[in-house]
Every structure is written in C-alpha cells, then in structure tokens.
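S.K.: The numbering of the sequence shown is full-length UniProt numbering, which starts it at 1 and goes up by one. Beta carbons: idealized from backbone N, C-alpha and C, even for Gly. This structure is in structure tokens; I'll ask about it shortly.
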Amino acid sequence: MARIADDSDFEALKRLVDNHDGWTLELSKSDTQVYTRPVAGCNFNMVKIHTEFADVTADIVFDVLHDPDYRKVWDSHMLASEEIGILNVNN
C-alpha cells in the first residue's frame, strides 16, 4: 500500500545515503560507486549510486532521470512510462 512520505521517511532516506553498513560495494570506478543491499521479504535488492558530475547541477540530473519523454532518448532500456497516480504533489 502506498502512503504519503513524512519527515521521518526523509530522515530514514538520509541515513541510508550516509551509512554504508549492510551495503555491498558492487562497483567502484573513478567518481562512481554502486552499492546493493537485500530487502527483507523482497526478491529485489535496494541499490544506491554515488557519483559526481563536475558540470551538472542536481536539479538537472533529477530532470533528466524523471522526464519520461527525454529518458527514452538516452535510456535504451526505457520502453514506456505511464503515470498511475499521484499521492501528493510533494512526493
């Protein structure tokens, strides 16, 4: 069931970003590290990626990753995107 994220959810997300305990470093290359971690009761691993772009701002990275029309241009694995619902404009 989906729910609207609250402040405690965002605090938990920040802890996941900063803490590497329980994560496996799968790739370390130049300015990029890829970590995975199993999720209880799920067949998929959680993934976190850290990288640095010297000449790109965070808002541009966000827009490139979340624009379904533009993503089809650069992501050969992106077949389709469909909005199935909005819980809250801030989530």
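Rounded to the nearest angstrom, how far is the Cβ of I49 from that of T32, given a contact under 8 angstroms?
M.R.: Correct: roughly 7 angstroms between the Cβ atoms.
S.K.: Can you list the beta strand (DSSP E) stretches of 3 or more residues lying completely in the UniProt domain "START" (1–91), in chain order?
M.R.: Fully enclosed beta strand (DSSP E) runs of 3 or longer: 24–29, 32–38 and 45–51.
S.K.: Is the beta carbon of T36 sitting closer than 8 angstroms to the one on M46?
M.R.: For T36 and M46, yes; Cβs fall inside 8 angstroms.
S.K.: Determine, using beta carbons only, whether L87 and A2 come nearer to each other than 8 angstroms.
M.R.: Closer than 8 angstroms, so yes.
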